[in-house]
Amino acid sequence: GAVVSQHPSWVICKSGTSVKIECRSLDFQATTMFWYRQFPKQSLMLMATSNEGSKATYEQGVEKDKFLINHASLTLSTLTVTSAHPEDSSFYICSASPSTSGSYEQYFGPGTRLTVT
Amino acid sequence: QKEVEQDPGPLSVPEGAIVSLNCTYSNSAFQYFMWYRQYSRKGPELLMYTYSSGNKEDGRFTAQVDKSSKYISLFIRDSQPSDSATYLCAMSGNQGAQKLVFGQGTRLTINP
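Residue numbers (the working numbering), protein chains in the order written: chain X, 24 to 140; chain V, 172 to 283.
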């Protein structure tokens, strides 16, 4: 149980284009999902907290107009990187917290590697 | 000073050894403590989850939390080459869901 998927697993795009990454909780409902980015050999950096049916909460320094987050259902959140640039190349990971657990567990997706050329 | 400090290693030990991984933290509001294992190019996998102080054991893994010292540990007994990964400690407070603050991660290699 507690499986989170991400799609695509990797993507290469040209500078200036937009890329959408999907995060799905496969066997549980998640009121809250989180988006992280991770640079090589570094820890995870929280970008934003996504709550179903409401606007995402972005961490300081994260451009909300560049990283668009939509959490339209209890099992799906999407991250769209708009007008991507090479410096946006990174490993993007989502996590989901079960709605009914009453706990503070987060289950992570396998990540999406974005390369902007 | 970072909220959570973790020695990035790398740490290399022979197969069968007992491994000790540690994190210190500065925020006394943290109540939930987790250890994640991350293989290269994969998402983190939840290993252990502890609330407040105390010990928790799961197979070869033991998590310890000492809130008075703001220090948490993960012990791996009878380490196996398949345990080679990056181990991340994470913690959160007691206010809703549930921003995690991660340590830098420790790269562990178990040598056959």
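Even for Gly, the Cβ is constructed at its ideal location relative to N, Cα and C.
query: Interface partners of V/G180 on chain X, CB under 8 Å; result: Within chain X, no residue comes near V/G180; the closest Cβ sits about 10 Å away, beyond 8 Å.
query: Stretch pair the stretch 130–138 of chain X + the stretch 78–94 of chain X: three plus CB contacts closer than 8 Å; result: no
query: Interface positions of the stretch 213–230 of chain V facing chain X (Cβ-Cβ less than 9 Å), listed along the chain; result: K213, G214, P215, E216, L217, Y220 and Y222
query: Member of V/I281, V/N198 and V/P179 whose CA lies at the smallest distance from the CA of V/S239; result: V/N198
query: Contact residues within the stretch 108–137 of chain X, judged by C-beta distance below 9 Å to chain V; result: F114, I116, C117, S118, S120, S126, Y127, E128, Q129, Y130, F131, G132, P133, G134 and R136
query: For V/S253, three-class secondary structure by DSSP; result: helix
query: Cutoff 8 Å: V/K270 Cβ touching any chain X Cβ; result: yes
query: Any chain X beta carbon closer than 8 Å to V/Q172; result: no
query: Residues bridged to V/E216 (per DSSP); result: V/R208
query: The stretch 235–250 of chain V / the stretch 187–201 of chain V touching (three or more Cβ pairs under 8 Å); result: yes
query: Selection from X/F131, X/S106, X/S122 and X/T72 that minimises the alpha carbon distance to X/S38; result: X/S106
query: Whole-number beta carbon distance between V/Y207 and V/L192, since they are thought to touch under 8 Å; result: About 11 Å; that fails the 8 Å criterion.
query: Proximal residues of chain X, C-beta to C-beta of V/L192 below 9 Å; result: Simply none; closest approach about 14 Å.
query: Beta-carbon proximity list for V/V184, same chain, < 8 Å, skipping 5 on both sides; result: V190, S250, L279, T280, I281 and N282
query: Residue of V/P252, V/L245, V/G225 and V/S263 minimising C-alpha distance to V/G187; result: V/P252
query: When X/S32, X/Q83 and X/C36 are compared against X/H108, the one with the closest alpha-carbon; result: X/C36
query: Straight-line gap, V/E176 to V/V272 (C-alpha atoms, nearest Å); result: 10 Å
query: Ranges of the beta strand (DSSP E) found wholly within the stretch 85–113 of chain X, counting only runs of at least 3; result: 90–96 and 99–104
query: Sequence-distant residues of its chain with Cβ nearer than 6 Å to X/I92 (five each side left out); result: A71, S73, A79 and L102
query: For X/E45, the residue or residues it bridges with in DSSP; result: X/H30 and X/T101
query: Rounded separation between V/A256 and X/A95 - CA only; result: 34 Å
query: Among V/G274, V/F246 and V/S263, the one whose alpha carbon lies nearest that of V/T233; result: V/F246
query: DSSP-derived helix/strand/coil call for V/S183; result: strand
query: V/K227, enclosing beta strand (DSSP E) - first and last residue; result: G225 to D229
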